[in-house]
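Each residue of the sequence shown is one higher than the one before, counting from 170 in our numbering. Using N, Cα and C, we set each Cβ at its ideal position, and we do this for glycine too. All of these numbers come straight from a predicted model, not from anything done at the bench. Comments concern the structure below.
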Amino acid sequence: MPASGSASRAKSSRRSADGCFASRRAPASAPASRRPWPPPPAPDRFMVWLRFGALIVLATTAMVGDARSAGSAPSLQLPVDCVIGETCFVQFHVDLAPGKPIQDFACGVLTYDEHKGTDFRLPDYAAMRAGVDVLAAADGVVRAVRDGEPEISVDERGQESLEGKDAGNAVVISHSDGWETQYSHLMKGSLAVKPGDVVVAGQRLGKIGLSGNSNFPHLDFAVRLGEAAIDPYVGPTPGQDCRAKRAPLWNAETLALLSYQPTGVLLSGFAVGKPDKARVRDGAERALSFSTDAPALTFYADVYGLRAGDIEEFRLIGPGGVELVAHRHVLEADAHQHFDFAGRKQPKGGWPPGVYRGEYRLVRTIDGRPTVVASATGEATLNAR
Numbered sequence: 170m171p172a173s174g175s176a177s178r179a180k181s182s183r184r185s186a187d188g189c190f191a192s193r194r195a196p197a198s199a200p201a202s203r204r205p206w207p208p209p210p211a212p213d214r215f216m217v218w219l220r221f222g223a224l225i226v227l228a229t230t231a232m233v234g235d236a237r238s239a240g241s242a243p244s245l246q247l248p249v250d251c252v253i254g255e256t257c258f259v260q261f262h263v264d265l266a267p268g269k270p271i272q273d274f275a276c277g278v279l280t281y282d283e284h285k286g287t288d289f290r291l292p293d294y295a296a297m298r299a300g301v302d303v304l305a306a307a308d309g310v311v312r313a314v315r316d317g318e319p320e321i322s323v324d325e326r327g328q329e330s331l332e333g334k335d336a337g338n339a340v341v342i343s344h345s346d347g348w349e350t351q352y353s354h355l356m357k358g359s360l361a362v363k364p365g366d367v368v369v370a371g372q373r374l375g376k377i378g379l380s381g382n383s384n385f386p387h388l389d390f391a392v393r394l395g396e397a398a399i400d401p402y403v404g405p406t407p408g409q410d411c412r413a414k415r416a417p418l419w420n421a422e423t424l425a426l427l428s429y430q431p432t433g434v435l436l437s438g439f440a441v442g443k444p445d446k447a448r449v450r451d452g453a454e455r456a457l458s459f460s461t462d463a464p465a466l467t468f469y470a471d472v473y474g475l476r477a478g479d480i481e482e483f484r485l486i487g488p489g490g491v492e493l494v495a496h497r498h499v500l501e502a503d504a505h506q507h508f509d510f511a512g513r514k515q516p517k518g519g520w521p522p523g524v525y526r527g528e529y530r531l532v533r534t535i536d537g538r539p540t541v542v543a544s545a546t547g548e549a550t551l552n553a554r
């Protein structure tokens, strides 16, 4: 997100007598696993996927296993031109238990209530502005498109202004035997296809954007068989349960790229003072060289998929391996995305010139054992003027 969505608490800087500081949290809000993300459309019905004037595509919460045969299911390739886990990330999966405690295909909680797509997100707005192509996941015919919706977070423009256009700029492709794929939240003016176009797998459709009901740059990739939402990690199996036998729609190469990652570091880096979360997510604070008269030095991390009880650990190490900061804290609530930092103010006499190392670790208890589930390191050089 750039923007909201984290259940982590609001932060202010906390500084100790030795000059070290880190974030400090106010009382927790509701756990993110029970909060809609992004805000859902006004409740009326089933679920509006996309409105094109008179055309309304509905996706029911019912799953496959009854009247409709799966037929010739499409073999899907990666619908984004980026490197999973490096330049883009899977932020959310399909919710297989709508109306119940949320559940993704891996029996985890990397989803939100009634989410019917797979969200491929970018780490920040700078990546969105640079442009990341959205690709057709399979051969087909373009059935509908919409363009012209602005790149403005729903947190800023407000739910009412969407006027039902929750998918933002989008493309719907028809495949054989009643299968469809939908590509939502595309960048305004980036669409490269029109209704009736025959497309092949891998063909560019547009670029990842922020349009519609979105508060972070991403592609919402949805698969349908008739009116039923299908999780491409599960396939058209009865029940769509995380414990059911799977028949994934992803081809073998893509499935190997999309191993389940319940958490990960989106961004990390250094700042000379308390880093501003909004500026970092907009592409700032990426310098790796600073002056020895910097007022402070901090190391930050922007992370997705945190759980209550996770432990965040920060270290800042100076020239010669001297530990300058060692900070840890326990998260009290789940968080879809969480920005944090630790550092220290300039010591008397200034910073010694040389290479400084920042380290971040996210530790989670799995099967009774503390396990590092996400980490990041970085180095910055401080030079005398």
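| Mind pulling the alpha helix (DSSP H) runs of 4 or more residues that sit fully within the segment 280-307? | 294-299
| Those runs of the beta strand (DSSP E) which lie wholly inside the segment 506-535 and span at least 3 residues | 523-535
| query | Is the beta carbon of residue 274 sitting closer than 8 Å to the one on residue 400? | reply | yes
| At a cut of 8 Å, does the segment 510-523 reach the segment 457-473 through at least three beta carbon pairs? | yes
| Bounding residues of the alpha helix (DSSP H) (the contiguous stretch that carries residue 423) | 421-426
| request: With a threshold of 16 other CB atoms inside 10 Å of the CB of residue 552, please say whether the residue is buried or exposed. | output: exposed
| query | Is the beta carbon of residue 322 sitting closer than 8 Å to the one on residue 383? | reply | yes
| task | Using the DSSP secondary-structure output, state which residues sit across from residue 468 in a beta bridge. | result | 439, 511
| query | How many Å lie between residue 447 and residue 549 at the Cα? | reply | 22 Å
| field | Burial state of residue 528 (16 or more Cβ within 10 Å) | value | buried
| request: Decide if the segment 371-378 is in contact with the segment 303-319; the criterion is three or more beta carbon pairs, one per stretch, under 8 Å apart. | output: yes
| said: Going by beta-carbon coordinates alone, are residue 340 and residue 311 separated by less than 8 Å? | reply: yes
| message | Within the continuous alpha helix (DSSP H) that includes residue 446, where are the two ends? | response | 446-450
| said: Let me check understanding here. Comparing Cα to Cα, which of 487, 490, 511 lies closest to residue 471? | reply: 511
| said: Let me check understanding here. Comparing Cα to Cα, which of 481, 456, 285 lies closest to residue 433? | reply: 481
| query | Cα separation between residue 443 and residue 362? | reply | 44 Å
| Secondary structure at residue 346, three-state DSSP: helix, strand or coil? | helix
| said: Could you compute how far the alpha carbon of residue 437 sits from the alpha carbon of residue 545? | reply: 7 Å
| said: I need the straight-line Cα distance from residue 236 to residue 381, nearest angstrom please. | reply: Low per-residue confidence applies at residue 236: pLDDT is 33, beneath 50, and the placement is therefore not dependable enough to give any value.
| task | Tell me whether residue 450 is buried or exposed, calling it buried when 16 or more other Cβ atoms sit within 10 Å of its Cβ. | result | buried
| field | Contacts around residue 330, its chain only, beta-carbon distance under 7 Å, and the 5 residues preceding and following it disregarded | value | none
| In chain order, what residues of the same chain lie with their CB nearer than 6 Å to the CB of residue 402, ignoring the 5 residues before and after it? | 274, 417
| From 504, 271, 251, pick the residue whose C-alpha is nearest to that of residue 411; which is it? | 271
| message | Are there any heavy atoms of the ligand MN lying less than 7 Å away from the beta-carbon of residue 338, as far as the coordinates show? | response | This structure lacks the ligand MN, and indeed carries no ligand of any kind.
| query | Per DSSP, what kind of secondary structure is residue 330 in: helix, strand or coil? | reply | helix
| query | CB residue 294 to CB residue 452, shorter than 8 Å? | reply | yes
| said: Buried or exposed, going by whether 16 or more other CB atoms sit within 10 Å of the CB of residue 491? | reply: exposed
| said: Considering Cα atoms alone, identify which of 429, 378, 375, 350 is closest to residue 395. | reply: 350
| Collapsed DSSP secondary structure at residue 539 in the structure displayed | strand
| For residue 318 and residue 334, believed in contact at Cβ under 8 Å, the rounded distance | 6 Å
| Can you tell me whether residue 388 is buried or exposed, with buried defined as 16 or more other CB within 10 angstroms of its CB? | buried
| message | So for residue 375, helix, strand or coil by DSSP? | response | strand
| Contact check, residue 259 vs residue 427, beta carbons under 8 Å | yes
| Which one of 280, 267, 254, 286 has the shortest CA to CA distance from residue 292? | 254
| message | Can you tell me which residues form a DSSP beta bridge with residue 245? | response | 419
| said: For residue 422, which residues in the same chain have their Cβ closer than 6 Å to its Cβ, ignoring the five residues on either side in sequence? | reply: none
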